[in-house]
Amino acid sequence: MLLLLLLLPFCWAVEVKRPRGVSLSNHHFYDESKPFTCLDGTATIPFDQVNDDYCDCKDGSDEPGTAACPNGSFHCTNTGYKPLYIPSSRVNDGICDCCDGTDEYNSGRVCENTCREKGRKEKESLQQLAEVTREGFRLKKMLIEEWKTAREEKQSKLLELQAGRKSLEDQVEMLRTVKEEAEKPEKEAKDQHRKLVSVAELQTHPELDTDGDAVLSEEEAQALLSGDTQTDTTSFYDRVWAAIRDKYRSEVLPTDTPSAPDVIEPKEEQPPVLPPTEEEEEEEEEEEEEEEEEEEVLGEKPKEAPAPLQPPQPASPTEDEKMPPYDEETQAVIDAAQEARNKFEEAERSLKEMEESISAMKYEQGTGCWQGPNRSTTVRLLCGKETVVTSTTEPSRCEPSAVVDRTPDLCRYSVTATKLTLGKQLPWWTGLLTCVLCQYSVTATK
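Note that my numbering gives residue 160 to position 167 of the sequence shown, counting from 1, and the numbers run on in steps of one.
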């Protein structure tokens, strides 16, 4: 090992002998001591016919350093930069394609070796990219941690609210029971009052008039009640209705007398439906107000609640026993919450898969252009330290395209700068005795 370290400073001049235009990875196919076999295996020729400016192999592998074969390729070593393959037709064409100028060895064109300068610029560019990506990934991890913390806080708050809701529901149920017990005597009295028929109620039915003036006076109504001011429902049907049923006539439009076959037997007339009194209307309004107050306390019914879902009809008594003891509106809310939870879990599962594939966002259905379509835009996303719109273009009318050059959300990996050999590609056994120019490149690690 010590010997290798001592030899490294003196290894710059080591060169692996191979034909012009052959890469180091393929040099073992070109052995001067034996005939050359085309790389596609179609023919074998003497080695002196390699690079003789005449194409013998169909794949052009016998002419790597000349322009004889139309499908051949020339390898640029480009020591200090990146190796490169160019078509054989560009060899000796008077244009410098390789940064080391080796493709113009016989054209009379003098090419400057720019590989070291290109390697230096490449190094700086990769170092900048590594720094930007490293910092962007750090910021992205901070955003993820902030999101996790916020989510945990919201979940904790949700649990507290759910516990408080259960306590409030228990209190509401207890107060409802107390309220019903307190209102029970009043309700019984109201029910008893509703069963009474008074003189004022009878006066609202002028069809019971007996003297033909189309007005039922108080005296006439009291006479129908046998001198009483009011009577209960049972007495009204048993005693009063039997006396006035012949006088009661419903208000109907006159019709032509039906023919004999169409005449139907008249049915027994029913007692008139008495309209609600002012007291009954006030009681109904009070009950509606009480129901609205209860709903506000529960906080479950929205201002414009959707129609509740109708539960399925049970197929057997055993299924009835399994049905939860919820009313239709509560069951509808439970079903909607479960559906929303399932959608959220599905979206959360696919979020990581989507993250790797997102590189652009398209926004559509914007405000309409004058005599044109609705505005839309496409935002291209790239990794960066901060979210900044660097440029905008408008390739078509009302459809601008924005480029976000820097946003931490697109920094998916941690980037480190590691050394990479740029220059001659050597076999493993020559690496022990050969030293090459080292540069930096970006290695992505998850």
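Heads up, the beta-carbon is just placed ideally off N, CA and C, and yes, glycines get one too.
Give the straight-line distance between the Cα atoms of residue i and residue j, rounded to the nearest whole angstrom.
i	j	result
Thr107	Arg113	10 Å
Leu375	Pro401	8 Å
Glu124	Thr383	19 Å
Thr142	Leu161	29 Å
Gly101	Ser26	32 Å
Glu147	Glu173	A small correction: the amino acid at residue 147 is Lys; Glu does not occupy that position in the sequence shown. Distance between the alpha carbons of Lys147 and Glu173: 38 Å.
Ala193	Leu168	38 Å
Pro63	Thr370	46 Å
Gly377	Gln120	14 Å
Tyr23	Cys91	22 Å
Glu357	Val326	33 Å
Cys104	Asn44	22 Å
Ala61	Gly94	19 Å
Arg373	Gly53	43 Å
Ala333	Gly359	28 Å
Arg109	Cys362	53 Å
Glu322	Ala330	12 Å
Glu387	Val381	18 Å
Glu277	Lys180	12 Å
Leu17	Gly129	38 Å
Ser191	Glu211	11 Å
Lys355	Thr385	14 Å
Pro393	Gln364	17 Å
Glu115	Pro80	24 Å
Glu139	Leu132	11 Å
Val15	Cys404	39 Å
Specify the secondary structure class of residue i as computed by DSSP and reduced to three states.
i	result
Lys180	helix
Ser352	coil
Pro80	strand
His68	strand
Thr126	helix
Leu32	coil
Val171	helix
Val372	strand
Gly73	coil
Asn367	strand
Thr400	strand
Pro12	coil
Ile38	strand
Glu387	strand
Gly361	strand
Glu110	helix
Glu379	coil
Ser54	coil
Ser191	strand
Pro393	strand
Ser210	coil
Val165	helix
Gly94	coil
His21	helix
Decide if residue i is buried, meaning its Cβ has at least 16 other Cβ atoms within 10 Å, or exposed.
i	result
Asp328	exposed
Ala216	exposed
Ser118	exposed
Tyr74	buried
Thr126	buried
Lys10	exposed
Ser352	exposed
His68	buried
Gly157	exposed
Ser149	exposed
Asp440	The structure shown does not extend to residue 440, since the chain spans only -6 to 439, so no value can be given for it.
Glu34	This sequence places Gly at residue 34; Glu is not what is there. Flag for Gly34 reads exposed.
Glu97	buried
Thr197	exposed
Ala214	buried
Leu152	exposed
Thr37	exposed
If you pair each beta-carbon of the segment 47 to 55 with each one of the segment 83 to 90, do three or more pairs fall below 8 Å?
Remark: fewer than three beta-carbon pairs, one from each stretch, lie closer than 8 Å, so the segment 47 to 55 and the segment 83 to 90 are not flagged as touching.
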